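Chains as they are written, first to last, in the working numbering: chain Y, 1 to 459; chain V, 1 to 106; chain D, 1 to 478; chain P, 1 to 625.
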Amino acid sequence: MQVLITIVSLGVFCLLAEIFNLRKLLVPVTVIGLLAILGISLNLWAIDPSIDSNYASMIAVDKFSNAFNSLFIVLTIFLVALSGDFYKEHQTKISDFIAIKVFLLAGAVAMVSFSNLAMFFLGIEVLSISLYVLAASKRLDIKSNEAGMKYFLLGSFASGIILFGICLIYGATGYFNVAEIKDLSSGAGIPVWFPIGMVLMIIGMLFKIAAAPFHFWAPDVYEGSPSITTATMSTLAKVVAMATLYKLLSGLSSELIPTFEMVIVVVSILSMTIGNIMALRQDNVKRMLAFSGISHAGFMLMAILSLSTAAGTLLYYTAAYALAGIASFAVIIAVTRDSGNELTENFNGLGKSNPLLAAVLTASLLSMAGIPIFSGFFAKFMLFSDAIKAGYLFLVIVGVINSIISVGYYFKLILAMYTKEASAEKPAVPAVYYLVAVSAIVLNIALGLYPSLVMNLLN
Amino acid sequence: MNNILNQIGIENYIFLSVLLFCIGVFGVLYRRNAIIVFMSIEIMLNAVNLLFVAFSTYHQDAEGQVFVFFSMAVAAAEVAVGLAILVSVFRNLGSIDIDNLKNLKG
Amino acid sequence: MDVTTILLLLLIGSIATFFAGDKLASKVALIFSLGALGLSLYLLNLLNQGANISYIGEWMSSPKVSLAFKADGLSMAMVLLTTALTPLIVFSSFGNSFNNSKNFYALVLFMSFAMVGTFLAVDGLLYYIFWELALIPIYFIALIWGNGDAEDRKKAVVKFFIYTLGGSLFMLIAFAYLYSKAGSFLIGDLYQLELTGTEEFWIFLAFFLAYAIKIPIIPFHTWQAKVYQKAPTVGTMLLSGIMLKMGLYSVIRWQLPIAPSAAKAYMPILIGLSIAGVIYGSIVALRQKDLKKLLAYSSLAHVGLIAAGCYTLTLDGLSGVVSQMIAHGFVIVGLFFAAEVIFRRYETRTIADLGGIRSQTPQFTSMFMILVLASVALPGTFNFVGEFTVLYSLSQVNIWYAVLGGTTIILGAYYMLKMFQNVMLGETNTKVFAEVTTNEAITFVAIIAFLLFFGLYPKPIVDLVTPSLNEILAVINK
Amino acid sequence: METNLALVLLLSPFVGFLFNIFLGSKVSRNVSGAIGTLTVVVSFLLSICFFAQLNQNGKPFEIALFDWIQVSNFKLDFGILLDQLSLLWLLFVTGIGSLIHLYSISYMHDDENMHKFFAYLNLFVFFMITLVIGSNLLVMFIGWEGVGLCSYLLIGFWYKNQPYNDAAKKAFIMNRIGDLGFLIGMFIIAALFSTLNYTEIKIALSAGNADSAMLGLAALCLFIGATGKSAQLPLYTWLPDAMAGPTPVSALIHAATMVTAGIFMVTRMNFLFDLTPDIQHIIAIVGAATALVAASIGLLQNDIKKVLAYSTVSQLGLMFLALGLGAYTVAVFHVITHAFFKACLFLGSGSVIHGLHGEQDMRKMGGLRKAMPITFWTMMISTLAIAGIFPFAGFWSKDEILMVAFEHNKVLWVVASIASIMTAFYMFRLMYLTFFKEFRGTEEQKHHLHESPSLITIPLVILAILAVIGGAINLPGSMWLNHFLEPILAAKHEAHHLGTQEFMLMGIALVGAIVGIIWANAKYIKGGFVPKEDADISGFNKTVYNKYYVDEFYTFLIVKPINSLSNFFRTTLEPALGKVVFSFGTLANGIGTQGKKLHNGNIGLYLFVFVLGICAIITYLFIAQ
């Protein structure tokens, strides 16, 4: 709860900063503030997992939520750091944007720390509404408007579904408290609404992680949104939704019923395949990464299949994926900031004109493709390993085939960087991009070299 | 309160809510005017709210009603943002037909 | 002192090369690769004295992966092949100039690092990581510094990467499966697993896919010729000289002992495919128009025979395979270098444009001739020792395998001599062909000296690898 | 001491090779030639020493130098075995080798790459010695392949001429076909006896419990090896083409030494072949057939060296006939006499070609008798020898073969006799066309006609003398060779006691030879016939002239199909296989392109699919439960 409160306070501070004209200091101060919050979050590590009863049992501070919180905070630090330059044309609104990001983080923290469905719902809505705003934040750009509109319509539709699900669960059990629901859910005589409610909630979350067939919004919204928002969606929002889905499932019922596992398997296969195959023919990098994100959602769904043991793996996968995502978006923003579009052509000749950024982007793409020594490899490997243990060899084979396909489009970008000639001179890139990109990829590689750092946290 | 539920039965509330919810869903699916789509979503949310209240009564538990307040607040916030986006869209596009939002595809 | 020092040296060398700058890069790379060679010879000496130069350390606990590097005779032989060829390859490139040479040489050393790691690692996942790591540098080397039409090259290189990666990923599944059974990736634990027939079959198949593409065994070879042709010669040398040996080594180290009964059950198919590769590669090589492509197909034919030797599951087969791997590594590097020497002067590799070189350059002719002869396994060269032993082991399994596999000595002579005739002989070419430089000559002489010395006295190598092969055979036949 | 001497014997030509290859271009031609010759002479002298020693104590000298190849069930070493058989071969290899080196100093004097020539020639002698003195099959195989290599290098010595290179390549590949047989044979033997050492195989065989089918296969495979190297049916076609090389090469490699390697090997492995009578029959039949076919082709050839080449093939056939009949000594005897007179004939023809500045077509010769008397007389003697005229060396050895054939199989005898008559005919045809009548070449050539220098004629004379007296080593009666080889060949072939039948056979052979000579005389001296131009040859003659179209047949049957298969693979199958792999990518891309149409940006569709997804999942869950 401390974390949540401090984050919200930081958000409020950001808003106030506008009033006191502290715009120049805003980004550094927010980053420092977030680092402090990260410290708090890590400090909580020693505390026994317990439900924070001081706040009406709304928040549960356990290892799972703590670990994910820390990850979210790290991601937010990167995203905020990138915002400074990204919004430099919009100085007057910068505190709004940053405040929204911080509030978004608050929503994210609420989502993984909930021990009451009310908290869950509030978290998800805080996160979603922040994203609607961010997606549509380029007011004069019709694409940004369209992205915001699409995201909003589909998102609130999904919210309605989730809400309906919560309602049915409440109706079936009479509780919003997760622990109580779990107790009741395993007992006999539970009304039929309960599974329906569960399913509706899960479907809502599947929408949030952009799993097929609920993925249609993702490419459009990713493409239309300002790049920094896309970065937020594809890294932070996706990771949050995935963690929440995991927590929701493991929190509400002890075991998935086999038929429902089948649904997850099908959705996972569909997401992987559709994501990868669609990504092959994309010219817009953001759109391509959107489809890549869809396929990663499919991969992450594998973790659901070994619900009791896969928390560590999921944390690792999300961390690896998000860090690679941050690194690649840092480069993408840096490269495309002056061109007005995100077509692959912008990357032509980057290997010569800016070898460091090219190397970072290459590394992050390789990580997403699952090439060792990057953490993406271990992430995939552990997922596969867990899935095999759970007896889903077939799913793993599909996953592997998809990994092979994915190399095709990741390498398209790499090829553009190294084999094509640059069309125009690239202007200098501010240092912050280098800083973010390099530190994200270094973290990624560090996770690759020492997977135990993360793996052992939750096991 | 008990009496009313005894007389009518919780199932009927559920059916009503589901019906309302479905009306909302169909509204979302078939209408092309963004405002009407918004309203349909509101219908969906309100159907759920209704059900929350019914369950709250059924379980003799106030939490459900408290939740409705959350959900109404959230819905209001959502619509506020939604309308803002809609205004922005209308300014750029001169229309609020969602079928015209086809710049992003492929 | 253990084998990790070689790895560290190569890794540091790679970084140092990168920071040395474009001018010094090649020299720094040469120094480090020579250092690695010296170090591996020193370690070999330690090994021969009975010292323990293996290393095992904890890496991660969940999944349980260890930093396990075992240096037995087989591994050391392959490490030596790598560390001996790397300086040679680096040195051979002194006559070329590369853009961004610091990146280039850093990648070469990094690749060498990864390959040494592959040969040493005895932890499944660690091995797999090195296996994949080796792929990345060669991808960039071929892509960025390759020759020919950029679009064509890109297509070929990307296909190569995706194809080999695809195969390897199935191996990864196999490892994941084995891990779920054994709870460990250590090779010793994997050897001891009791697998059912079906399990073994699928695991064997997964490994086979990875190795058959890498080696390559037909019909998984389609990436090979184009990539060899398009890659810069250094890349081609790395690929053909060392990298495809990774596949063959892995067959011996991983595939056979882990799934021996599948290997036994499908032996005819495996040997048949391999030998079909011998004949097919030889026949395709006959009419190639491009010198490097011809050599690529010759390589296909040779590794086909080597692979056949692997699958005989006999000591002779395996020890012949090791000899032949080393011999082929050297000879193919030499042959590609000869192609490069010609290219440096004539700027073409089209056989039809060549010819009539011999009269201008007697030294080069002699050295090229010796390499051609080594490649057709003339007795007295190391290649003969390997080929003889492999064919002998095939004849032990079934005399017809030896007969069919033996056609390589006929067809090999046919296409190699035809190539030599068209490239070197005939009326004096109108274009001037400068005699080889001292640097070039040193490279050739080193290769030739190696091949001839071990051709006459292969005992050190055979003695080195036999004990470890016996251990592996004991596992296979348990 | 003996070891060192043996090593010197072996390595001396190799030193010559190294000297000539590295320093040859820096010293004068004469020095390089002299070094090349001397190193072979050293080997020759050492061979004589060893021979003398062996004659004294009768103990063969065997030593294992160092381990070489090691496989699971046995170990192979570099071993040297100097016994009666190897020393005999050594003597004539190094002896004739020395003479031919001497000859080459003059013959090759104008060639820019003379030092290379000597280098290769030395290398050849080195490998030939290796082949002969190895103590196991694998060492023999080194030499076996090594001489093949040298043959390749020397046939293609004038490398600027692509047809010559083709001939060289052909020789190497044909040899390699045989070599594969040799290898397989070795494998079988190694599998059976776990050794390749001659002595050990012999001991193992005498135990007599080996599978006879496998033995037969081994013998057959080894014989296939021999047919390659010794140019027997069906692998003989390379030898006539090999005449592309300089004439000394033809004399040394393609007449006297290398091509007899097959006979050496079979003789070496006599204990194996003796146990496989079926294979011996095959050998005899192949030998006889080769003798006849090659002789018949020789009848109509116009290239002086081609005639000699076919004659060589034919004579080798006779030797194999003897081998097949178990008469190893007889074969060896003929090998030695043949080496003398055939080397002489080749060198003589070289002298003629030298005198005519490269002309090899007999139709453009004639009347050279006066201009080149030494060449003429030495060649005449050798011709008489090869034709089997009493008392020249060839008479004795060939007669022995015919006798053995008569004893075993009358058909083979008839075939061999016909081949002999043909031999006499075409050899005299050669002599008549070359040396008799008027000169048919250009005026300029006629103007330059001269006898060759003494470095060329001395070897001719020496060889001619040997062609006369060479038969002495195994005259019926003394049978020195038989006795000498007894330790190796274990007296399997009883020496003929001279009876009526023998004399009668000798007479028949002699008469046959004379008939051949008279026939040639009638046609070319009396009739004054000169062979027609290529275009005018017709009918069966044309078939024979074109060597029964065997080369064309091979081209059609093997070379063409392989090449078109290669083309098919290269242009069709390879891209197709490549496409299979690519097709996965293409398929994925295609689906992607189609999928783009599905993601059409319509929110209505997105919502619809969303709802559809929900309905599907819920329906499924209800049905499944």
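In this text, a Cβ means the ideal position worked out from N, Cα and C, and glycines have one as well. If you're wondering where the values come from, they're calculated on a predicted model, not measured in any experiment.
Is the CB of residue i under 8 Å away from at least one CB in chain Y?
i, result
"Glu-63 of chain V", "yes"
"Met-1 of chain V", "Bear in mind that a pLDDT of 49 at Met-1 of chain V, under 50, signals an unreliable position, so the number given afterwards is only what the model happens to contain. Chain Y contact via Cβ: absent."
"Asn-33 of chain V", "no"
Between residue i and residue j, is the Cβ-Cβ spacing less than 8 Å?
i, j, result
"Leu-515 of chain P", "Ile-456 of chain P", "The sequence given here places Val at residue 515 of chain P; Leu does not occur at that position. Not closer than 8 Å, so no."
"Tyr-163 of chain D", "Ile-213 of chain D", "yes"
"Phe-207 of chain Y", "Leu-168 of chain Y", "no"
"Tyr-120 of chain P", "Gly-350 of chain P", "no"
"Asn-136 of chain P", "Tyr-198 of chain P", "yes"
"Ala-167 of chain P", "Leu-321 of chain P", "no"
"Leu-133 of chain D", "Pro-372 of chain Y", "yes"
"Val-157 of chain D", "Lys-230 of chain D", "yes"
"Gly-148 of chain D", "Ser-468 of chain D", "no"
"Asn-270 of chain P", "Tyr-310 of chain P", "no"
"Ile-242 of chain D", "Thr-82 of chain D", "yes"
"Leu-412 of chain P", "Ala-509 of chain P", "no"
"Phe-124 of chain P", "Asn-20 of chain P", "no"
Is the Cβ of residue i closer than 8 Å to any Cβ of chain D?
i, result
"Glu-145 of chain P", "yes"
Just to confirm my understanding: we take residue i, look at its own chain, exclude 5 residues before and 5 after, and list those with CB closer than 8 Å. What are they?
i, result
"Leu-7 of chain D", "Phe-69, Phe-113, Val-116, Gly-117, Leu-120"
What residues in its chain sit with their C-beta under 7 Å from that of residue i, if we drop five residues either side in the sequence?
i, result
"Tyr-297 of chain D", "Ala-225, Gly-281, Val-284, Ala-285, Gln-288"
"Gly-24 of chain V", "Ser-40, Ile-41, Ile-43, Met-44, Ala-47"
By the 10 Å Cβ neighbour count, where 16 or more other Cβ atoms means buried, how is residue i classified, buried or exposed?
i, result
"Tyr-549 of chain P", "exposed"
"Trp-45 of chain Y", "exposed"
"Thr-571 of chain P", "exposed"
"Cys-344 of chain P", "buried"
"Ala-576 of chain P", "exposed"
"Phe-26 of chain V", "exposed"
"Trp-396 of chain P", "buried"
Measuring only between beta-carbons, confirm whether residue i sits less than 8 Å from chain V.
i, result
"Val-133 of chain Y", "yes"
I'd like the list of long-range same chain contacts for residue i, defined as Cβ closer than 6 Å, with 5 residues on each side in sequence excluded.
i, result
"Tyr-228 of chain D", "Thr-236, Lys-292, Ala-296"
Is residue i close to chain P? Criterion is C-beta to C-beta, closer than 8 Å.
i, result
"Gly-155 of chain Y", "no"
"Phe-388 of chain D", "yes"
"Val-89 of chain V", "no"
"Pro-191 of chain Y", "no"
Let me check you understand the geometry: is the CB of residue i closer than 7 Å to at least one non-hydrogen atom of the ligand ZN?
i, result
"Ile-6 of chain D", "The ligand ZN is not part of this structure, which contains no ligands at all."
* Asked: Which runs of the alpha helix (DSSP H) fall wholly inside the segment 365-436 of chain P and span at least 4 residues, in chain order?
  -> 368-371, 373-387, 393-408, 410-435
* **Segments of 3+ residues assigned as beta strand (DSSP E) that fall wholly inside the segment 156-240 of chain D** => none
* What residue ranges within the segment 83-164 of chain D form continuous alpha helix (DSSP H) runs of no fewer than 4 residues, ordered along the chain? -> 101-120, 124-133, 135-145
* Asked: What runs of the alpha helix (DSSP H), each 4 residues or longer, lie entirely inside the segment 67-106 of chain P?
  -> none
* To do: At 4 residues or longer, and completely inside the segment 290-327 of chain D: list those alpha helix (DSSP H) runs for me, N to C.
  => 291-310
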